[in-house]
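Listed in order, the protein sequences are those of chains A and B.
Going by my numbering, the first residue of the first sequence is number 1, and it counts up by one from there.
Going by my numbering, the first residue of the second sequence is number 1, and it counts up by one from there.
Heads up, the thing below is written out as structure tokens.
Number of protein chains: 2
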Amino acid sequence: MKPYVVGIDIGGTNTVFGIVDARGVVIASSSIKTLKHADVNDYLDDLHEGLTRLMEANDAVDKIHGIGIGAPNANFYTGTIERLVNIPWPTPLPLAQMVSEKFGIPVAITNDANAAAIGEMTYGAARGIKNFIMITLGTGVGSGIVINGQLVYGHDGFAGELGHVIMKRNNGRLCGCGRTGCLETYCSASGVARTAREFLELRSDDSLLRNITVEDITSKDVYDAAVNGDKLAQEIFEFTGNILGEAFADFTTFSSPEAIILFGGLAKSGELLLRPLRESMERNMMPQFKGKVKILLSELKEADAAVLGASALGWEAK
Amino acid sequence: MKPYVVGIDIGGTNTVFGIVDARGVVIASSSIKTLKHADVNDYLDDLHEGLTRLMEANDAVDKIHGIGIGAPNANFYTGTIERLVNIPWPTPLPLAQMVSEKFGIPVAITNDANAAAIGEMTYGAARGIKNFIMITLGTGVGSGIVINGQLVYGHDGFAGELGHVIMKRNNGRLCGCGRTGCLETYCSASGVARTAREFLELRSDDSLLRNITVEDITSKDVYDAAVNGDKLAQEIFEFTGNILGEAFADFTTFSSPEAIILFGGLAKSGELLLRPLRESMERNMMPQFKGKVKILLSELKEADAAVLGASALGWEAK
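As structure tokens, this is what we get:
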């Protein structure tokens, strides 16, 4: 087997790519701008040039086993990106095939949360765990579900959209998916900011957050205020952790995972989020599952995580 | 490979067992009373005698590949029954081992809803379907989840408790599991009867159901009234189908199944239940899953289904 894989993480702004060895060490990485390229072929040329340069500089040409790509709305089965937001390329885009033809190397593709799950299983907190759920708490809430050591893709490749289970059936917040009450409208970074705006409007107590223009409040602002002892900001984390715990208790009835692993900006809130999350999860858990499900944090370095996750898929590429 | 398997379905009242061939034909079946035996060893003696007689009468001695058992709260991994309701045997009960030693034949055990899923996959509506969810609508709501052709047991053997996802987070009905708002408090046969009692108390319109003592109303009474044009009874099915559809839309975000297969008494309500169920599922579905998930009815004969389902597990017994 060839000794390296390549991981490519396609984000709305940047595309980061790196060469990774079998122990999960990122040998070298680089990036190009995603959005710069109105034509996907220009983008591929740029990617080809950048990655070829990286391989040459690291004596990795002809040593790449496979390329793994993580991208929003990417389908493992079809190798296509189904929908793109803010990127003007035609969809469905057969990206796996396009990249494979460009490099002459097998390519596999999946969405970013699934890539994170595979990365965690291969190199991170889920090593040796056969049944777990990866939850990414970023701008949205993503998920990758692993059962019997296999990623769950479902019959069409789109399984694992746990950010879109309905947590509030009445008067729920409008979600980007067009429905209301989805988990991610409450428990993502932007959900936390929305909660802050709601709390500030509905309540009259003092808060450090009142010093910030209400439209500009971010989850980081809420975190900073909470760490500084701000009561209202701390209650926002209680509220967020409570809903997340309710959701995790429901997820457990489905696949009874050994662990739920958190990744993403909000996951770095520490006990501010984790304490109310654990308490709520246990309080809402069906009796036979109480005390059984671990909440773990990702063990992948954030700078490397997206590339590592995508690269792990490269070992499976055929 | 030996040509037959045995399926044993352990219910609170009766234990039904049968000899099944590779095409899913129940060659012969019989039953004993479960509850009659205060001592589990007496029960096993009785089962041994009954099943041996059945095997002898059908020239099946030494032709049994394995025995599959379906029982409430049975754990596939450990081979034990974890909890028993209304049966006074000690738990956890290592039933797979006890039966295996009694007969000298490999035994596998799982809960009744998982057995139904395996039966449907082996002999019924799920033949050729690799990703589906079996929902049993009986006194409770049970589930068996199949992903990539494999039953989902989870890390501890207890996955697939979809009757206990929370559908009403406020003011939900008390569930046998000790929590409130579980799916099965609304969408089981007893849930339908509870809805009838609620509707009759809260509303004042005429209904055929008012001719029945309110405590005695069953889901069958509601069905009969609805078929006879009773508006209130029809609305009970609307209410039930609506909640079930909300739940199915959430389940789809998890495993994106090709089909959800219904089994059990309530599943025989036909379009009274299926129309509002399908409408609600599609209305609540995340856009990318709309129109993709089939609602199918079990294709196993009800009299044989439990034995068939358990027997299918017998092929896997080692």
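By construction, the Cβ of each residue, glycine as well, lies at the ideal position given by its N, Cα and C atoms.
Contact set between residue i and chain B, taken where Cβ atoms lie within less than 7 Å
i: Thr-253/A; result: Glu-161, Leu-162, His-164 and Val-165
i: Asp-250/A; result: Val-165 and Ile-166
i: Leu-147/A; result: The sequence shown places Ile at residue 147/A, rather than the Leu named in the question. The answer, in chain order, is Ile-147 and Val-152.
Residues near residue i by beta carbon distance below 6 Å, same chain, minus five either side
i: Val-107/A; result: Ile-67, Ala-96, Val-99, Ser-100 and Ala-317
i: Asp-9/A; result: Val-16, Gly-70, Ala-306, Val-307 and Ala-310
i: Pro-92/A; result: Thr-80 and Glu-82
i: Val-40/B; result: Trp-89
i: Asp-221/B; result: Ile-212
i: Tyr-223/B; result: Ser-269
i: Cys-175/A; result: Cys-182 and Thr-185
i: Arg-23/B; result: none
i: Leu-296/A; result: Ala-125, Ala-259 and Ile-261
i: Asp-46/A; result: Ile-32
i: Asp-156/A; result: none
i: Ala-28/B; result: Ile-19, Leu-54 and Asn-58
i: Ala-60/A; result: Tyr-4 and Ile-19
i: Lys-63/A; result: Lys-2, Pro-3 and Tyr-4
Within chain A, the residues that residue i reaches when beta carbons sit closer than 8 Å
i: Phe-76/B; result: Per Cβ cutoff of 8 Å: no residues; Phe-76/B is ~12 Å from chain A at best.
i: Met-121/B; result: By Cβ distance, chain A contributes nothing, its closest Cβ being about 14 Å from Met-121/B, past 8 Å.
i: Pro-276/B; result: Near Pro-276/B there are no residues of chain A at all, since even the closest Cβ is about 16 Å away, more than 8 Å.
Bridge partners - residue i, DSSP secondary structure assignment
i: Gln-150/B; result: Ile-147/B
i: Lys-294/A; result: Ala-259/A
i: Ser-320/A; result: Outside the displayed range of chain A (1 to 318) lies residue 320/A, so it cannot be described from this structure.
i: Ala-74/A; result: Ile-81/A
i: Cys-182/A; result: Ile-166/A
i: Lys-33/B; result: Asn-14/B
i: Gly-68/A; result: Gly-7/A and Ala-108/A
i: Ala-28/A; result: Ile-19/A
i: Leu-51/B; result: DSSP output for Leu-51/B lists no bridge partner at all.
i: Phe-132/B; result: Val-146/B and Ala-259/B
i: Val-141/A; result: Leu-137/A
i: Leu-95/A; result: Beta-bridge pairing links Leu-95/A to no other residue.
i: Leu-174/B; result: Thr-180/B
Same chain only: Cβ atoms within 7 Å of residue i, ignoring 5 sequence neighbours per side
i: Gly-160/B; result: Ala-113, Asn-114, Ser-143, Gly-144, Ile-145 and Val-152
i: His-65/A; result: Met-1, Lys-2, Tyr-4, Val-5, Gly-314 and Trp-315
i: Val-214/A; result: Arg-197 and Leu-200
i: Lys-294/B; result: Glu-258 and Ala-259
i: Gly-11/A; result: Thr-34
i: Val-192/B; result: Ser-219, Val-222, Ile-236, Thr-240 and Leu-266
i: Ile-109/A; result: Ile-69, Ala-71, Ala-74, Phe-76, Gly-79, Leu-95 and Ala-96
i: Thr-139/A; result: Ser-188, Ala-189 and Ser-190
Chain B residues whose Cβ lies nearer than 9 Å to that of residue i
i: Val-141/A; result: Within chain B, no residue comes near Val-141/A; the closest Cβ sits about 11 Å away, beyond 9 Å.
i: Glu-258/A; result: Gly-154, His-155 and Asp-156
Interface partners of residue i on chain A, CB under 9 Å
i: Gln-288/B; result: Asn-73, Glu-82, Arg-83, Asp-156, Phe-158, Glu-161 and Cys-177
i: Lys-294/B; result: Simply none; closest approach about 10 Å.
Closer than 7 Å at the beta carbon, the chain D residues around residue i
i: Asn-131/B; result: No chain D is part of this structure, whose protein chains are labelled A and B.
Inter-residue CB distance, residue i and residue j (contact presumed, cutoff 8 Å)
i: Val-5/A; j: Trp-315/A; result: 6 Å
i: Pro-3/A; j: Gly-178/B; result: With 8 Å as the limit, Pro-3/A and Gly-178/B do not qualify as a contact, their Cβ atoms being about 54 Å apart.
i: Leu-266/A; j: Ser-219/A; result: 6 Å
i: Met-167/A; j: Ile-105/A; result: With a Cβ gap of about 42 Å, Met-167/A and Ile-105/A do not count as contacting.
i: Asn-228/A; j: Leu-208/A; result: 6 Å
i: Glu-348/B; j: Leu-300/B; result: Because chain B in this structure spans residues 1 to 318, residue 348/B falls outside the shown range and cannot be described.
i: Ser-255/A; j: Gly-163/B; result: In fact, because the Cβ distance is near 15 Å, the residues do not count as touching under 8 Å.
i: Leu-272/A; j: Phe-237/A; result: 4 Å
Listed by chain order, chain B residues near residue i by CB distance under 8 Å
i: Arg-23/A; result: Within 8 Å Cβ-Cβ: nothing; Arg-23/A doesn't reach chain B, min ~26 Å.
i: Glu-246/A; result: Ile-166 and Arg-169
Residues near residue i by beta carbon distance below 8 Å, same chain, minus five either side
i: Leu-44/A; result: Met-98, Val-99 and Lys-102
i: Asn-382/B; result: Because chain B in this structure spans residues 1 to 318, residue 382/B falls outside the shown range and cannot be described.
i: Asp-216/A; result: none
i: Asn-148/B; result: Lys-130 and Asn-131
i: Arg-304/B; result: Here residue 304/B turns out to be Asp, not Arg, going by the sequence shown. Result list for Asp-304/B: Gly-18, Val-26 and Ser-29, in chain order.
*Can at least three beta-carbon pairs, one atom from the stretch 171-187 of chain B and one from the stretch 302-310 of chain A, be found at a separation below 8 Å?*
no
*Contact the stretch 9-22 of chain B vs the stretch 51-64 of chain B: 3+ CB pairs below 8 Å*: yes
_Under 8 Å, with one C-beta from each stretch per pair, do the stretch 72-81 of chain B and the stretch 109-121 of chain B reach the 3-pair mark?_
yes
*Any chance the stretch 122-133 of chain A sits against the stretch 256-265 of chain B, with 3 or more Cβ pairs inside 8 Å?*
no
*asked:* Across the stretch 190-210 of chain B and the stretch 277-297 of chain A, are there enough close Cβ pairs to call them in contact, namely three or more that are closer than 8 Å?
replied: no
*asked:* Check whether the stretch 282-299 of chain B and the stretch 245-254 of chain B are in contact - that is, three or more C-beta pairs closer than 8 Å.
replied: yes
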